[in-house]
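Under our numbering, the first residue of the sequence shown carries the number 120, and numbering increases by one thereafter. Here the structure comes first, spelled out in structure tokens, and everything after it is commentary.
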Amino acid sequence: MHTPVPEYLQEVVDGLEDNRDGNVADYIPDLAAADPERFGLALATVGGRVHAAGDAGLEFSIQSVSKPFIYAAALVDRGFDRVLGSVGVEPSGEAFDELSLEADSHRPKNPMINAGAITTHQLLLGDDATCSERIARSVDFLSELAGRRLVIDESVMRSELDTADRNLALAHVLRNYQVFSSDAHEAVEGYTAQCSVLVTVEDLAVMGATLAGGGVQPITGRRVIPTDVARQTLSVMAAAGMYDAAGTWFSEIGIPAKSGVSGGMVGVLPGQVGIGVFSPRLDKHGNSVRGVEACRRLSTDMNLHLMGFD
Ligand code: GLN
Numbered sequence: 120m121h122t123p124v125p126e127y128l129q130e131v132v133d134g135l136e137d138n139r140d141g142n143v144a145d146y147i148p149d150l151a152a153a154d155p156e157r158f159g160l161a162l163a164t165v166g167g168r169v170h171a172a173g174d175a176g177l178e179f180s181i182q183s184v185s186k187p188f189i190y191a192a193a194l195v196d197r198g199f200d201r202v203l204g205s206v207g208v209e210p211s212g213e214a215f216d217e218l219s220l221e222a223d224s225h226r227p228k229n230p231m232i233n234a235g236a237i238t239t240h241q242l243l244l245g246d247d248a249t250c251s252e253r254i255a256r257s258v259d260f261l262s263e264l265a266g267r268r269l270v271i272d273e274s275v276m277r278s279e280l281d282t283a284d285r286n287l288a289l290a291h292v293l294r295n296y297q298v299f300s301s302d303a304h305e306a307v308e309g310y311t312a313q314c315s316v317l318v319t320v321e322d323l324a325v326m327g328a329t330l331a332g333g334g335v336q337p338i339t340g341r342r343v344i345p346t347d348v349a350r351q352t353l354s355v356m357a358a359a360g361m362y363d364a365a366g367t368w369f370s371e372i373g374i375p376a377k378s379g380v381s382g383g384m385v386g387v388l389p390g391q392v393g394i395g396v397f398s399p400r401l402d403k404h405g406n407s408v409r410g411v412e413a414c415r416r417l418s419t420d421m422n423l424h425l426m427g428f429d
């Protein structure tokens with residue numbers, strides 16, 4: 120590829136701008152109000168170079184893109200045995216808000232679906248941590264990965280909580296099966312706060328590049344995540360990051376990734392780059408339409424497919 124990276128990213132954005140397929144999430148007013156035309160794309164290398172095109176500075180709520188990073192935080196806080204004892208690593212093949220529990224253990228199948236992510240949030244710090252301590256841990260950890268201070272969008276958080284019946288139902292079932300013992304409302308409040316943290320595509324690219332670099336934040340140079348935790352997180356993203364489209368995604372595009380309902384996406388090519396994308400229109404799986412297509416172009420043009428041979 121000979122085009123300089125910033126021009127190339129702009130070309131990708133320009134080429135997909137006319138794609139108006141899909142629909143903006145409308146289950147809360149804050150997301151329904153998103154401008155569907157917005158589109159940002161960023162690339163961060165493990166060496167700390169960051170390039171962006173389109174709406175690079177626009178902030179949006181991280182939503183489910185937080186899930187792999189909070190999974191990494193839980194692994195750091197509690198270790199593999201404790202986390203794997205509560206949340207599995209099998210793709211569910213079902214929608215993100217499905218109650219996918221393993222038959223005997225009742226563990227949620229993986230940390231990328233809501234049942235698993237609510238449980239993962241409860242693992243942060245320790246059994247005796249309070250709801251606000253876990254929220255602070257989430258915001259601090261995501262901020263360390265981004266290399267700047269991130270904040271919660273209180274309005275998104277409030278309206279999510281007003282309509283959180285399904286997540287509350289999941290939390291009650293998880294508690295019933297003793298997957299965790301904390302209060303169901305607090306569990307959903309903590310998870311919702313984690314989903315309401317504001318980020319830009321550049322933040323997501325840098326956070327992805329931290330995983331790509333085995334856990335070293337490429338700008339600050341700080342080791343935020345141990346290599347075994349980075350490997351585990353990327354493995355789960357590869358298996359289950361794109362909801363019920365995870366198998367199609369990995370075979371076609373071939374990079375570990377995670378999407379969220381606001382239209383954000385992070386993609387990670389181990390050893391090389393993190394990709395951040397934002398475009399609010401979603402396909403039927405809940406993945407950003409332009410986000411998926413942008414990653415498809417990057418994967419093809421730059422030979423990013425992990426199983427590629429050329
Ligand atoms: N806050 C959202 C929810 O749990 C996040 C879901 C998502 O991004 N898919 O419903």
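C-beta atoms are modelled at their ideal positions from N, C-alpha and C, and glycine is treated no differently.
Within 7 Å of the C-beta of Q241 there is not a single heavy atom belonging to ligand 1. A straight-line Cα-Cα distance of about 22 Å links P389 and V318.
Burial is judged here by how many other beta carbons sit within 10 angstroms of a residue's own beta carbon; A222 has fewer than 16 and is exposed. With a cut-off of 8 Å on Cβ pairs, the segment 305-321 is in contact with the segment 250-263, counting three or more such pairs. With fewer than three CB-CB distances shorter than 8 Å, the segment 246-255 does not count as touching the segment 320-327. Within the same chain, Cβ atoms closer than 6 Å to the Cβ of R416 are found at V131, the five residues on either side in sequence being excluded. A straight-line Cα-Cα distance of about 29 Å links G204 and G393.
When beta bridges are read from the DSSP output, T164 appears opposite V392. Distance from the C-beta of G245 to the nearest heavy atom of ligand 1 is not below 7 Å. Secondary structure at S418: helix, using DSSP grouped into helix, strand and coil. Less than 8 Å separates the beta-carbon of V355 from that of N229. About 4 Å separates the beta carbon of V385 from that of G327, a gap short enough to meet the 8 Å contact definition.
At least 8 Å separates the beta-carbon of T239 from that of A303. DSSP places G173 inside the beta strand (DSSP E), whose first and last residues are V169 to G173.
Residue pairing for F188: DSSP places it in no beta bridge.
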